[in-house]
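Only one structure is covered here, and it is reproduced in the block below.
This is the structure we're talking about:
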């Protein structure tokens, strides 16, 4: 609860004060014992000072007022399911990002190495499966395959932490162990009596270490005005018959632009692909 209530460093000062006030009240109640009417009133006032988008925080306060000031399990359960899942998925992605950085730092960026994981059917999937989707089968890369550079880097997958995934058998696995142990988590044990808060309720998933864009294409466009729309939106395309036109063209114009198109799997971000494209030099 405290981690959620702490909020962000970039928040307005009054919102930070409201959060800290709630934390102080709860810590005082935890140390002193049962709640009083004055404490309830202070908690409601502080909660009212939170921003309108602080859904989880307000649910926690409401849950504590309803179920008891020390019943933090009930408070967390009062948070909407989709929002609770967002926290879990964010934590999984946080660890995955560190594992991916370590993998690229320690080993080849061109091919798989011994202990890496690859999908058995080599069907390029990524992201996070739904609750009813079985995890794909994976296998570990052998020493012989590593020495022969037999498997390209885009076939390597890393797990999002969970109770049903397999972890790499090289130094990358230490990243998972370090972060999970730091937070007193073990993916193979139900450390909490409430199943929703246990690692055994999180299956995990696999995500490609490197995603190669598909359907890549490019086109140079010439245009005359800096504020001109160079690409029509889907809505603009529907309105095209009503006079909505895109004046950008090929072959003539005062300014030049490069239009790039590509397809990525789920859980991949086009902004990251564009970032990589713009890392070139002027040579």
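In my numbering, the protein residues as written are 13 to 295. Cβ atoms here follow ideal geometry from the backbone N, Cα and C, with glycine treated the same way. Note that the structure is predicted; figures quoted are calculated from it, not measured.
Could you round the C-beta distance between residue 52 and residue 77 to whole angstroms and report it? I think they count as a contact, below 8 Å.
Locating residue 52 in the chain shown gives position 40, counting from the first residue. Locating residue 77 in the chain shown gives position 65, counting from the first residue. Right, the Cβ-Cβ distance comes to about 6 Å (below 8 Å), so this counts as a contact.
Measuring CB to CB, does residue 8 end up less than 8 Å from residue 58?
The chain is shown only over 13 to 295; residue 8 falls outside these bounds and no answer can be derived.
At least three beta-carbon pairs within less than 8 Å, the region 108 to 118 to the region 174 to 187
yes
Between residue 41 and the rest of its own chain, which residues show a CB-CB distance below 7 Å, the 5 nearest in sequence each way excluded?
By 1-based counting over the chain shown, the position of residue 41 is 29. Only 47, 51, 81, 82 meet the Cβ criterion.
Could you check the C-alpha separation between residue 192 and residue 106 for me, to the nearest Å?
The residue given as residue 192 occupies position 180 in the chain shown. The residue given as residue 106 occupies position 94 in the chain shown. Straight-line Cα distance between these residues: approximately 11 Å.
Could you name the residues that DSSP lists as bridge partners for residue 275?
In the chain shown, the residue the question calls residue 275 occupies position 263. According to DSSP, residue 275 bridges with 226.
Would you kindly work out how many angstroms separate the C-alpha atoms of residue 20 and residue 240, rounded to a whole number?
The residue given as residue 20 occupies position 8 in the chain shown. The residue given as residue 240 occupies position 228 in the chain shown. Approximately 37 Å between the Cα atoms of the pair.
From residue 283 to residue 229, what distance separates their C-alpha atoms?
Residue mapping note: residue 283 aligns to position 271 of the chain shown, counting from 1. Residue mapping note: residue 229 aligns to position 217 of the chain shown, counting from 1. Whole-angstrom Cα-Cα distance: 16 Å.
Burial state of residue 237, where buried means 16 or more other Cβ atoms lie within 10 Å:
For the purposes of this step, residue 237 is identified with residue 225 of the chain shown, where counting begins at 1. Label assigned to residue 237: exposed.
What are the residues that DSSP puts in a beta bridge with residue 123?
Counting from one through the chain shown, the residue named residue 123 turns up at place 111. DSSP lists 164 as partners of residue 123.
What are the boundary residues of the beta strand (DSSP E) that includes residue 151?
Walking along the chain shown from the start, residue 151 turns up at place 139. Counting along the chain, the beta strand (DSSP E) containing residue 151 begins and ends at 150 to 152.
Let me make sure I understand the geometry here. Which of 273, 183, 121 has the alpha-carbon closest to that of residue 243?
Mapped onto the chain shown, residue 243 falls at position 231. Cα-wise, what sits closest to residue 243 is 273.
To the nearest angstrom, report how far apart residue 144 and residue 235 are at their CA atoms.
Looking up residue 144 in the chain shown gives position 132. Looking up residue 235 in the chain shown gives position 223. Interpretation of residue 144 is limited by its pLDDT of 49, a score under 50 that renders its predicted location unreliable; the figure taken from the coordinates is listed afterwards. So the two alpha carbons sit approximately 49 Å from each other.
Can you tell me which residues form a DSSP beta bridge with residue 171?
What you label residue 171 is simply residue 159 of the chain shown in a count that begins at 1. Looking at the DSSP assignment, residue 171 forms a beta bridge with 218.
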